[in-house]
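Reading through the structure tokens given below for one structure.
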Amino acid sequence: MPSSSPLQAPLAAVFRAAIIDLDGTMVDTLGDFVVVLQHTLAELGCHPIEIARADRAFIEHTVGKGTEDLLRKTLAHAWGLPDDDAEVLAHVPQAWQHYQAHYTRLNGRHSDVFPGVVEGLERLRAAGLPLACLTNKPTAFAEQLLQAKGLRGFFGPVFGGDAFERKKPDPLPLLKTCEALGTEPAHTLMVGDSSNDAQAAQAAGCPVVLVTYGYNHGHPVREVPALAYLDRLDALDEALYSSASSMGGAL
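0 is the number of the first residue of the sequence shown in numbering that gives the first Met the number 0; add one for each residue after it.
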């Protein structure tokens, strides 16, 4: 890509690396979650009506805070109980075992890379930015999914929700990922799809941009403070230029 590319100018001048979220940012994984969670509920002996409650709409509003949180809320929703109910909590370990087995088998089979993601990653790489993937998904599942979708080669470090003591929206995962990249947070761009990503990035001191097509817990993502909002990952350059213009020419 020529050095005069509009993407390289803002990125190379300001950022030294980028951290990219996975579910809802690069890959639409709701189909995987629906199938795996419904299999998990079936293994637990749930009624078909209870199983059907783990549908795409529910998962889109729920996913993003780690597997244990997702399982707890799915069981509660299926059974019509609070997610801190003793019966729900008692079944989480067994649900986890079934979930792990089914997700390992089905990971990536019912998911698709969002339009513009491959092109966006290619442009980030052409701009010379090292890339890391940071997700609340377990690391093994993240690695497996990236490989299955042909995206693993774009990334150096890949960290999941089990990689550190705390998950996003805590800033620790971003700070540790910056350490792995060898960059300062202020010069490391975070790209995500939710308030989890934005809160973690802002607390860590990383600039953050958000895609508009992800899973922000059922809330409009443009209500979440961010440097810019992307309808496609390969529109990052235009979004950054628009943001720079609105701030008087400085990102």
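Ideal placement from N, C-alpha and C gives every residue a C-beta, glycine not left out. Keep in mind the model is a prediction, meaning the values are calculated, not measured.
Closest option to Gly217, judged by alpha-carbon separation, among Val91, Ala56, Arg231 and Ala162: Ala56. In this structure, DSSP gives Thr73 a helical state, which the three-state scheme calls helix. With a cutoff of 9 Å on beta-carbon distance, Lys167 and Asn195 are scored as near each other. Scanning its chain for C-beta atoms nearer than 8 Å, with the 5 sequence neighbours on each side dropped, one finds around Tyr98 the residues Val35, Leu36, Thr39, Thr66 and Leu70, in chain order. Gly127 counts as exposed, since fewer than 16 other C-beta atoms from the protein chains shown sit within 10 angstroms of its C-beta. Under the 8 Å Cβ criterion, the stretch 109 to 119 does not count as touching the stretch 72 to 83, having fewer than three qualifying pairs. When C-alpha distances from Asp27 are compared across Glu86, Asn106, Leu235 and Trp95, the shortest belongs to Asn106. In the structure shown, the three-state DSSP call for Thr134 is coil. Under the DSSP definition of a beta bridge, Gly191 partners with Leu209. Boundaries cannot be given for Ala126, as no alpha helix (DSSP H) includes it and DSSP labels it neither H nor E.
Nearest in C-alpha terms to Asp54, of all of Glu42, Leu74 and Lys64, is Leu74.
Per DSSP, reduced to three states, the secondary structure at Phe158 is strand. The beta carbon of Ala202 lies closer than 7 Å to those of Pro170 in the same chain, with the five residues before and after it left out. Here DSSP, grouped into helix, strand and coil, assigns Tyr98 to helix.
If only complete runs of 4 or more residues are kept, the stretch 32 to 94 shows the alpha helix (DSSP H) at 47 to 51, 55 to 61 and 66 to 78, in order along the chain.
Taking all protein chains in view, the Cβ of Arg108 is surrounded by fewer than 16 other Cβ atoms within 10 Å, so the residue is classified as exposed. In this structure, Val207 places its C-beta atom within 9 Å of the C-beta atom of Ala225. Looking from the CA of Val91, the closest CA among Gln143, Lys148 and Leu43 belongs to Leu43. Contact check for Pro129 and Ala51: beta-carbon distance about 44 Å, past the 8 Å limit, so the pair fails to qualify. Relative to the Cα of Glu59, the nearest Cα in the group Leu29, Thr182, Ala141 and Leu133 belongs to Leu29.
Around the beta-carbon of Gly63, 16 or more other beta-carbon atoms lie within 10 Å, marking it buried. Assigned with DSSP and collapsed to three states, Leu229 falls in strand.
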